[in-house]
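Have a look at the structure below, then the notes.
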Amino acid sequence: MRAMIPRLAKVRSCLVLGLATLVMALPLRERSAWAEEVAAFPPEARIVSIGGSLTEIVYALHAESRLVARDSTSTYPKAAESLPSIGYMRQLSPEGVLSLHPGGILSLATSGPPEAVAVLRQAGVPMVEVPEAYDAKGVVEKIRKVGAALGKSTEAEALVTRVEAGLKPVTARVERLAERQRVLFVLSAQGGKIMAAGTGTAADGMIRLSGGINAVEGYAGYKPLSDEALIDARPDLILVMDHAGPGASDADLLSHPGIAATPAGQKRRILRMDGSYLLGFGPRTAEAARDVSEALYGH
Numbered sequence: 001m002r003a004m005i006p007r008l009a010k011v012r013s014c015l016v017l018g019l020a021t022l023v024m025a026l027p028l029r030e031r032s033a034w035a036e037e038v039a040a041f042p043p044e045a046r047i048v049s050i051g052g053s054l055t056e057i058v059y060a061l062h063a064e065s066r067l068v069a070r071d072s073t074s075t076y077p078k079a080a081e082s083l084p085s086i087g088y089m090r091q092l093s094p095e096g097v098l099s100l101h102p103g104g105i106l107s108l109a110t111s112g113p114p115e116a117v118a119v120l121r122q123a124g125v126p127m128v129e130v131p132e133a134y135d136a137k138g139v140v141e142k143i144r145k146v147g148a149a150l151g152k153s154t155e156a157e158a159l160v161t162r163v164e165a166g167l168k169p170v171t172a173r174v175e176r177l178a179e180r181q182r183v184l185f186v187l188s189a190q191g192g193k194i195m196a197a198g199t200g201t202a203a204d205g206m207i208r209l210s211g212g213i214n215a216v217e218g219y220a221g222y223k224p225l226s227d228e229a230l231i232d233a234r235p236d237l238i239l240v241m242d243h244a245g246p247g248a249s250d251a252d253l254l255s256h257p258g259i260a261a262t263p264a265g266q267k268r269r270i271l272r273m274d275g276s277y278l279l280g281f282g283p284r285t286a287e288a289a290r291d292v293s294e295a296l297y298g299h
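At position 16 of the sequence shown the residue is numbered 16 (UniProt numbering), and the sequence of numbers has no breaks.
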């Protein structure tokens, strides 16, 4: 019997992979015809939320009773951690999601891998896919789309009003700046290799929203920087998540040869923030932007 369990798991994995391959081989038009993309879930449908900012919005709209599960990035509010986790949003297992028998799937468009998302679409479960954009407009659109999906549009507009009111003083301050400071976001530093955020990232969006200049603008995404590149970046502030992994403590970063030679290193300017708060682009975006802006330019 024990020998059968791995075999069954292998068979199920092969079936999922086979269906994914079939789906991805179809013309895009036919794939879209199969997909269960909707604007709103059936009333009272229990949903799986994939994406920390989406889960946070669900709670902010007081619709958390609709949640049956969440992904591992959904850690705020703390109550969300009591929900079953389906794992990391970019490494989804269709089996794991579907085993919960959800009545709907609320997902960021950046979820993956693509073949797993394709399988979920073909399972017949209503799905609402929410675009990800790292700016104020993107936050507002997220809130409105989640509100519409849950039948909470009135509550969503009230939340939008609060978020926009919070962003207004930050935006006004940024517009008055005569000179902007340069910020380097360090994703990780394991083995002394500084992995830094380029353009098109959540970190880049938050730096810009806060009135800073991304010290790294020569590439998109995250890449390791040489000591020379770090020195050339000339950051005034190092921005890093609370839990950035081995080699990313303040002492580690300040003793790194490349960082030590920068204005930020010489002035020992490091700002640490919770990752979901800083990079989530959800309901707390205004507060996060304010905190980064105050770290750069004072109160």
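Don't be surprised by glycine CBs; every beta carbon is placed ideally from N, CA and C. Since the structure is predicted, the reported quantities are computational estimates derived from the model, not experimental observations.
Taking the beta carbon of residue i as the centre, do at least 16 other beta carbons fall within 10 Å, making it buried, or is it exposed?
i	result
ARG176	exposed
ASP71	buried
ALA197	buried
LYS168	exposed
ALA178	exposed
SER210	buried
LYS137	exposed
LYS152	buried
PRO257	exposed
PRO283	buried
ASP142	It should be pointed out that residue 142 corresponds to Lys in this sequence rather than to Asp. Buried, by the Cβ-count rule.
THR154	exposed
PRO6	Note that PRO6 scores 45 on pLDDT, short of 50, meaning its location in the model is unreliable; the coordinates nonetheless yield the value given after this. It is exposed - the Cβ of PRO6 has fewer than 16 other Cβ atoms within 10 Å.
GLU56	buried
Which whole-angstrom value is the C-beta distance of residue i and residue j, which I expect to be below 8 Å?
i	j	result
LEU239	ALA203	7 Å
VAL140	LEU108	16 Å between Cβ atoms; not a contact.
ILE105	VAL48	5 Å
SER74	GLY103	Contact doesn't hold; Cβ gap of about 18 Å is too wide.
GLY205	ASP250	Not really, about 24 Å apart at Cβ, beyond 8 Å.
LEU271	ALA295	5 Å
THR262	ILE231	6 Å
Locate the beta strand (DSSP E) running through residue i, then write down its first and last residues.
i	result
GLY104	104-108
ARG272	270-273
LEU239	237-241
SER49	47-50
The alpha helix (DSSP H) that contains residue i, what's its start and end?
i	result
GLU115	114-122
LYS142	136-149
SER293	285-297
VAL97	94-98
SER249	Here SER249 belongs to no alpha helix (DSSP H), and DSSP marks it neither H nor E.
GLY265	263-266
Could you give the DSSP three-state label for residue i: helix, strand or coil?
i	result
ALA178	coil
ARG66	helix
ILE213	strand
LYS168	helix
GLU228	helix
ALA33	Bear in mind that the predicted position of ALA33 carries a pLDDT of just 38, short of 50, making it unreliable; the figure below should be weighed with that in mind. Three-state DSSP puts ALA33 in a helix.
TYR76	coil
VAL128	strand
MET89	coil
THR201	coil
VAL38	coil
SER111	coil
TYR219	coil
ALA196	strand
LEU159	helix
LEU187	strand
LEU279	helix
PRO257	helix
LEU61	coil
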